[in-house]
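Visitor: Please read through the structure below; I'll follow up with questions.
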Amino acid sequence: MNKEERFVQDIRRGDKKKLEEIYSENKAHFISFARKYQLEEESIKDIYQETIIVLYENILEGKLTTLKSSIKTYLFAIGKYKLIEHLRTIGKYELVPFEDVSLLDEISLVTENVADGLDEQTLQLKMGYSQLGEKCREVLRMFYYDGKKLAEIQHLLGYETKDTVKSQKSRCIKQLKTLVGVYEKQ
Amino acid sequence: MKSNKELLIEGYFENSLSPLEQNEFERLLKEDAEFAEAVAFHKKLKAAIRLEEREKLKAQLDSVDKPPKPIYRWWYAAAAVVLIVTMGWWISSQNHDQPEDLYFAYFEPYPNRVKPTVRSNNDQNGHASQAFHLYDQEQFDKAATAFEEVYKKTDQDYALFYQAISYMASGNPEKAIPLLEQHEWEPENPYYEASHWYMALAYLNDQQIPQTKSHLKKVIDSNGLLSGRARKLLEEMGD
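Right under this line is the structure:
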């Protein structure tokens, strides 16, 4: 197993320290790279953090299992895409040529822009989720964010059966609905 | 909701639907309003959780940039402050910014500008010449007494002035203060500037800083020979 594969495995196991390491190791390089586009330091930092998050989510969702390039190459490919996206929104798109299109095919950048279509209920659910107990948040996070299957969650959390996970998840959703005032139709 | 519908939703979010199940999922989404509503809810839930988790991750990355200040660090800071204060106190106690040291750095007897004893004409001018002679001989104790006599007899302010300086030069600056303070030194008096200068120094030796500064300011304002020195002293006192 090479360094990249080990990294992916660590991330999938939930080792966020590894993500912090990647973040720190590449930060200075990314910032000096992004400065070419005359962006404010604060925007560059935001873009870089979002880039790291996209990398993280891609690994969680299993889109980066076989790595053909180094983590850094992927990171910068995502980062460039994020920069373009940002420049487009502020109307400076023509500044940016993008040469690594092939690399982009390997990673999913169609991470639904969460800011779009954010309705009142989603915001309430977000609030309710943060108020749930740690056990509930863990199960829900694993299922909805980490993209883990119920069987995997069963193993990771040491539940007896898949059904136990399932009922635990249902209980948590019910609790969340109560928190935000949504009642299930019987 | 029937459990097979729940399974379909579960499989949809697990990405584990078979092609057949996928078709069933699509069909229900179109035809079953309740099912569609449930799917929409789960999608919102997924979006909500993602939002929250991203925010948490971003905060975590921020904390990598700025390492948090753990509680135990406060006492490092406190210890550093104590150390700095202690060192500062020690250093200031060692160097000559202390009032007494400044006093000795700045004090020197005022030159004899009244009766330079170049000739032995003591008899001619009596007590005054005698006093200045002692002064020039640096017998300041005796000079102080002699000037006191002269002042009593003549009421000349120069005698009062030199009596005070003699006290200071003989190591009794505290005796100079009431002498110099008792007299009204008018700005046109030739001893105006010097008297304020020596009052400042006497107060400085006595660690009476506000009085020292107030007299130094008068010296500076008079723009005379001593104003430069007064300004420098004021700076060294940290004003």
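Which chain is which? The protein sequence lines are P and G, in order. Sequential numbering of the first sequence, starting at 1, is according to our numbering. Sequential numbering of the second sequence, starting at 1001, is according to our numbering. All C-beta atoms in this analysis are idealised placements derived from N, C-alpha and C, irrespective of residue type, glycine included.
1) Between Q1177 of chain G and the rest of its own chain, which residues show a CB-CB distance below 6 Å, the 5 nearest in sequence each way excluded?
2) Note down, in chain order, every chain G residue with its Cβ under 8 Å from the Cβ of R12 of chain P.
3) Mind checking which residues open and close the alpha helix (DSSP H) that includes I1209 of chain G?
4) Output the distance between the C-alpha atoms of K126 of chain P and F143 of chain P, rounded to the nearest integer angstrom.
5) Mapping DSSP to helix, strand and coil, what is H1133 of chain G?
6) Does the Cβ of L1008 of chain G have 16 or more other Cβ atoms within 10 Å, making it buried, or fewer, making it exposed?
7) Could you list which residues in chain P have their beta carbon closer than 7 Å to that of A1033 of chain G, in chain order?
8) What are the residues of the region 57-77 of chain P that lie near chain G, defined by any Cβ-Cβ distance shorter than 7 Å?
9) Which same chain residues end up closer than 8 Å to H1215 of chain G when comparing Cβ atoms and leaving out the 5 residues on each side of it in sequence?
10) Between which two residues does the alpha helix (DSSP H) containing N58 of chain P stretch?
11) With a threshold of 16 other CB atoms inside 10 Å of the CB of V1133 of chain G, please say whether the residue is buried or exposed.
12) How about Q49 of chain P: is its C-beta nearer than 9 Å to some C-beta of chain G?
13) On the three-state DSSP scale, how would you describe I90 of chain P?
14) Using a Cβ-Cβ cutoff of less than 8 Å, which residues in the same chain neighbour V180 of chain P once the five nearest sequence positions on both sides are dropped?
15) If you measure beta-carbon to beta-carbon, which residues of the region 152-171 of chain P are closer than 7 Å to chain G?
16) State the Cα-Cα distance for the pair E1053 of chain G and R141 of chain P, rounded to the nearest angstrom.
17) Run through DSSP, which three-state label would R1119 of chain G get?
18) Rounded to a whole number of angstroms, what is the C-alpha to C-alpha distance between V1114 of chain G and N1189 of chain G?
19) So Q1163 of chain G packs on E1148 of chain G, CB below 8 Å; how close in whole Å?
20) Checking contacts by CB at 9 Å: is S1222 of chain G closer than that to chain P?
21) Would you report the Cα separation of N1112 of chain G and Q1139 of chain G, rounded to the nearest angstrom?
22) Between K135 of chain P and F7 of chain P, what straight-line distance do the alpha-carbon atoms span, to the nearest angstrom?
23) Evaluate the contact criterion for the region 75-95 of chain P versus the region 47-64 of chain P: three or more CB pairs, one atom per stretch, below 8 Å.
24) Check the Cβ of S130 of chain P against every Cβ in chain G and list those closer than 7 Å, keeping chain order.
25) Name, please, each residue of chain G whose Cβ falls closer than 8 Å to the Cβ of E20 of chain P.
26) What are the boundary residues of the alpha helix (DSSP H) that T122 of chain P is part of?
27) Taking buried to mean at least 16 other C-beta atoms within 10 Å of its own C-beta, is T89 of chain P buried or exposed?
28) With a Cβ-Cβ cutoff of 9 Å, do K166 of chain P and L176 of chain P count as a contact?
29) In angstroms with no decimal places, state the Cα-to-Cα distance between I173 of chain P and N1015 of chain G.
30) If we call anything under 9 Å between Cβ atoms a contact, is K1217 of chain G one with L1233 of chain G?
Guide: According to the structure data:
1) Reading the sequence as shown, one finds Ile at residue 1177 of chain G and not Gln. Here the set comprises A1202.
2) Simply none; closest approach about 15 Å.
3) I1209 to S1222
4) 15 Å
5) In this structure, H1133 of chain G counts as helix in the three-state DSSP scheme.
6) Buried: at least 16 other Cβ atoms inside 10 Å.
7) Correct list: empty, because the minimum Cβ distance to chain P is about 11 Å.
8) Answer set for the region 57-77 of chain P: empty.
9) So the qualifying residues of the chain are H1196, W1197, M1199, A1200 and Y1203.
10) E41 to L60
11) Going by the sequence as given, residue 1133 of chain G is His instead of Val. So H1133 of chain G counts as buried.
12) yes
13) I90 of chain P: coil per DSSP, three-state reduction.
14) Q121, Q124, L125, M127 and G128
15) none
16) Using only the alpha carbons, I get a separation of about 8 Å.
17) Because R1119 of chain G carries a pLDDT of 45, less than 50, the predicted location of this residue cannot be relied on, and the following value inherits that uncertainty. Note: R1119 of chain G maps to coil in three-state DSSP.
18) Going by the C-alpha atoms only, they are around 14 Å apart.
19) 5 Å
20) no
21) One Cα belongs to N1112 of chain G, the other to Q1139 of chain G, and the distance between them is close to 13 Å.
22) Approximately 26 Å between the Cα atoms of the pair.
23) yes
24) E1052
25) Using a Cβ-Cβ cut-off of 8 Å, E20 of chain P is close to Q1060, L1061 and V1064 of chain G, given in chain order.
26) E120 to Q131
27) exposed
28) Result no, Cβ atoms of K166 of chain P and L176 of chain P do not sit closer than 9 Å.
29) 20 Å
30) No.
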